[in-house]
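In this note's numbering, the protein residues as written are 31 to 272.
Quick notes on the structure that follows.
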């Protein structure tokens, strides 16, 4: 498991794709800072999270990452070198899922840090008395969203194991992201119970909703466990592509 995880990290840092995706994310935040309303760094961090970061950049980026790590890795036959070793297939998929989770956390960390940097440079911090309070609130917002994002990744990873064509996988994944963004505003109660629904929950925090925000985490953990377990069963039955 750790060997697979470490190997994926080495592949990530040596890949131009990782740096390109990070650069696009940072550029998007900068662009939002130049055309956004005159607020401050504290509010800008939340505005980017509830805006361009989760609608739709990070989810779409994770679809691209998962398609490469799982679908493309299998369809091109490179997965065989790991599956033909003494590593258990269950450990193999866990290592892959941990790496995918790390990728998502890196994107979220970049989003948080650069939102504050761009917001501070462009708008300033605002009133000093509210800086710490708002920082804690923004960390809370990011914290609430992380587990639902990982549940979304677990769902897409499961689909990636079922689909052997990376193009089809990317199209399906992006389609799910777009449909989710369109559907949730029409049926807001569904956001609490759908896989990855909590990714769009930033605007629900500190507001009176039909359910507690902790439900996002509980539902997300259940989905992560279920999708990961099913993925483990699928990988155990997969044939090795030569």
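Don't be surprised by glycine CBs; every beta carbon is placed ideally from N, CA and C.
- prompt: Relative to the C-alpha of residue 259, which residue among 124, 226 and 243 is closest?
  reply: 124
- prompt: So, is residue 215 buried or exposed, given that buried needs 16 or more other C-beta atoms within 10 angstroms?
  reply: exposed
message: In whole angstroms, give me the CA-to-CA distance for residue 266 and residue 43.
response: 28 Å
task: Tell me whether the beta-carbon of residue 56 lies closer than 9 Å to the beta-carbon of residue 92.
output: no
- prompt: Is it right to say residue 122 is buried, meaning 16 or more other beta carbons lie within 10 angstroms of its own, or is it exposed?
  reply: buried
- prompt: Near residue 48, which residues of its chain fall below 7 Å by C-beta distance, leaving aside the five closest residues on each side in sequence?
  reply: So the list reads 42, once near-sequence residues are dropped.
- prompt: Between which two residues does the alpha helix (DSSP H) containing residue 118 stretch?
  reply: Taken as a continuous stretch (DSSP letters only), residue 118 belongs to no alpha helix (DSSP H), as it is neither H nor E.
task: Buried or exposed for residue 85, please, with buried defined as at least 16 other CB atoms from any protein chain shown within 10 angstroms of its CB.
output: buried
field: residue 194, DSSP secondary structure in three states
entry: coil
message: For a minimum of 4 consecutive residues, which ranges assigned as the alpha helix (DSSP H) are wholly contained in the region 169-227?
response: Runs of alpha helix (DSSP H) with 4 or more residues, each lying fully within the region 169-227, are found at 196-213, listed in chain order.
message: Would residue 141 and residue 83 qualify as a contact pair, given that the criterion is a beta-carbon distance under 9 Å?
response: yes
Own chain, CB closer than 6 Å to residue 94, minus 5 neighbours either side, in chain order: none
- request: Say whether the region 185-197 touches the region 144-155, bearing in mind that this needs 3 or more beta-carbon pairs closer than 8 Å, one atom from each stretch.
  value: In the pairwise beta carbon analysis, the region 185-197 is classified as not touching the region 144-155: fewer than three pairs are separated by under 8 Å.
task: Indicate whether residue 184 and residue 253 have their beta-carbon atoms separated by less than 9 Å.
output: yes
Residue 79 versus residue 32: straight-line alpha-carbon distance, rounded: 31 Å
- request: Apply the 10 Å Cβ neighbour rule to residue 65 and answer buried if 16 or more other Cβ atoms are within range, or exposed otherwise.
  value: exposed
task: Please confirm whether any heavy atom of the ligand SAM lies closer than 8 Å to the CB of residue 247.
output: Absence of the ligand SAM is noted for the structure shown, with no ligands found whatsoever.
task: Keeping to the same chain, check which residues put their C-beta closer than 7 Å to that of residue 223; ignore five residues upstream and five downstream.
output: 249
task: Buried or exposed for residue 75, please, with buried defined as at least 16 other CB atoms from any protein chain shown within 10 angstroms of its CB.
output: buried
query: Cα separation between residue 60 and residue 50?
result: 15 Å
- request: Locate the alpha helix (DSSP H) running through residue 79, then write down its first and last residues.
  value: Counting along the chain, residue 79 falls outside any alpha helix (DSSP H), and DSSP gives it neither H nor E.
Beta-carbon contacts of residue 178 that lie in its chain and below 6 Å, excluding the five residues immediately before and after: If we look at residue 178 and ignore the five residues flanking it on each side, its Cβ neighbours are 226, 228, 229, 246 and 250.
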